[in-house]
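Beneath this line is the structure, given in structure tokens, with notes to follow.
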Amino acid sequence: MTISKGDVVAIDYVLRDGKGVQIDASAGEPMTYLHGYGNIVPGLEGALDGAAVGSSHEVVVAPHDGYGEHDPEQVKQVPRKMLPKELELKHGTELMVRSPDGNSFGVRVVNYDREHVWLDANHPLAGITLHFSVTIRSSRAASPEELAHGHVHGPGGHHG
Ligand code: ZN
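Structure representation (structure tokens):
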């Protein structure tokens with residue numbers, strides 16, 4: 258049995274960066290996703306297309322097939338006094354900010370000095386080459402509702 262578009266696939270995975278440091282992993286039970294609908298990064302989805310249930314794969318995904326390149330334009334310097342006084346400034350501190358058009362989005366503190374803070378709105382994994390170790394545990398055909406919604410329903414799914 259091999260994986261193709263419209264299958265609900267369960268995988269165990271470990272994600273590491275280029276230095277072998279673990280970034281993420283399926284915890285306890287496999288992660289399920291609807292294959293072929295862009296629910297996982299394109300580089301991994303493409304690598305698993307046609308793969309057999311039970312097989313294991315080492316997949317290296319370049320940033321442009323992962324979470325995108327790191328865009329320096331998305332790093333903004335703001336006056337420190339614009340941020341809440343109680344905020345503990347550390348590299349990697351995450352906060353939500355509101356754009357002039359009212360949208361909220363997450364940023365991370367990447368640098369600061371006495372008067373300024375540099376906030377990075379890139380995805381935390383932007384610019385990183387992703388090293389996945391994946392084992393395909395199972396696969397089933399998606400229900401018509403799942404196909405219509407473009408994601409998995411039920412236990413292990415993402416419906417909210
Ligand atoms: Zn749904």
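Going by the working numbering, the letters in the sequence shown line up with residues 258 to 417, in that order. The beta carbon of each residue, even a glycine, is placed where N, CA and C say it ideally should be.
Asked                                                                                                                                                : Found
Relative to the alpha-carbon of V409, which residue among L291, K262 and M258 has its alpha-carbon at the smallest distance?                         : L291
Among A309, V278 and V317, whose alpha-carbon lies nearest the alpha-carbon of H388?                                                                 : V317
Check the Cβ-Cβ distances between S261 and every residue of chain C, and say whether any is below 7 Å.                                               : Absent from the structure is chain C; it holds one protein chain and no more.
Near A398, which residues of its chain fall below 8 Å by C-beta distance, leaving aside the five closest residues on each side in sequence?          : G263, D264 and V265
Just to confirm, is the Cβ distance from I260 to A304 under 7 Å?                                                                                     : no
Who are the near neighbours of G384 in its chain, counting only those whose CB is closer than 7 Å to its CB and skipping five residues on each side? : P320, E326 and H327
CA-CA distance, E343 and G275?                                                                                                                       : 35 Å
I'd like to know whether the C-beta atoms of D269 and S283 end up nearer to each other than 7 Å.                                                     : yes
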